[in-house]
Amino acid sequence: MTTVSPDLPATRRRSSPLSLTDPRIVVLLGALAGTTVLTVVLGITDPRAPLSYPSRFLIWNLFLAWIPVVLALAFAVVRGRGWLIPLGLGWLVFLPNAPYLVTDLVHLREGYELWRHVLQYGFAAWTGIVLGVVSMRLVHRRVAAEAGAVVGWLVMAATVALCAVGVVIGRFQRWNSWDLVHRPDDVVAATLDWVRNPFSSVQSTGVGLAVGAFLALAYLTFWGYEAVAAPRRARSVRGGVGHSA
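The sequence shown maps to residues 68 to 312 in my numbering.
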């Protein structure tokens, strides 16, 4: 059984290469896939209107929310540094789709099958936030390893701010990630117009700030949880035990 030297610096242990076969990563992605499937099943089995609006769009939004995780996984494990910029930009373009799922709760209406829809949109919102946080954590680790801890946190702060803007232009201006590819000039112009006068629509600005705060606090919660688990992992390393918590 391979052991880790207790003299190995903590920073080096934390920046160890990501293994996609790590059981914890497999379980994490499996759990997120599970909540995704539950969301889809609740939409398909709606006795009144299977896959009607807005359920079918919720499923599409879930698909878009998975794209940044795939790109973040590639960003975390790719060896060639030349790939980091295109993968990072692609990740940033699609990342707002993850917290955007929280705003789909606006479609909840009291009435027929209310509890079904509460569960469906609740599963979707949870999945979106966790997918966003997981992808941010993957990118954060790689950026910090390449450029240092300060740069890593600055990138995360900028990411949260850009996600808030992305949610606003997606929910209220009805742009999406594909429009950044096909109509980038229009998207940038509309975004700058809102940024220059954010109080022209108090509702959209408020939603953007709230979703940004939610994403930031969710990220800090998961990041802090790693510190809670770290002492146990450290004891395992010092004792020469091959497993971690």
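We put the CB at the ideal spot given by N, CA and C, even for glycine.
The beta carbon of R183 is closer than 8 Å to those of L109 and D113 in its chain, skipping five residues each way along the sequence. A distance of 8 Å or more separates the beta carbons of V262 and P166. Between T194 and L159, the C-beta spacing is not below 8 Å. When rounded, the separation of the alpha-carbon atoms in G155 and W290 is 20 Å. At least 8 Å separates the beta-carbon of V235 from that of G199.
In the displayed model, E213 falls within a helix according to three-state DSSP. Listed in chain order, the non-local C-beta contacts of G219 below 7 Å within the same chain comprise H207, V210 and A211, local neighbours out to five positions each way being set aside. In terms of Cα proximity to D246, the closest of A139, D89, F161 and S86 is F161. If you check the CB distance, L205 and F142 come in under 8 Å. Counting C-beta atoms within 10 angstroms of its own C-beta, F190 has 16 or more neighbours from the protein chains shown and is therefore classed as buried. Residue burial annotation: N264 is exposed, with fewer than 16 other C-beta atoms found within 10 angstroms of its C-beta.
F130 sits in a helix when the DSSP states are folded into three classes. For L125, the closest alpha carbon among the candidates V107, L284 and P135 is that of V107. Scanning the region 152–220 from its first residue to its last, no whole beta strand (DSSP E) run of 3-plus residues comes out. Excluding five sequence positions before and after G157, the CB atoms of its chain that fall closer than 6 Å to its own CB belong to L138, given in chain order. CA-to-CA, the gap between V254 and V94 works out to about 37 Å. Look at T88 here: in three-state DSSP terms it is coil, with no helix or strand label.
Taken through DSSP and simplified to helix, strand or coil, V145 comes out as coil. In this structure W133 is buried. Its beta-carbon is surrounded by 16 or more other beta-carbon atoms within 10 angstroms.
In this structure, the straight-line span from the alpha carbon of I92 to that of A100 is close to 12 Å. Here L140 is actually not in contact with L105; their C-beta atoms are around 22 Å apart, not less than 8 Å. The beta carbon of T103 is closer than 7 Å to those of L129 and T194 in its chain, skipping five residues each way along the sequence. In this structure, M203 lies away from Y292, with their beta-carbon atoms at least 8 Å apart. Straight across, the Cα-Cα distance linking Q270 with F239 is about 9 Å.
Under the three-state reduction of DSSP output, P265 falls in the helix class. Distance from the Cα of A231 is smallest, within the candidate group G273, A192, A256 and D252, for G273.
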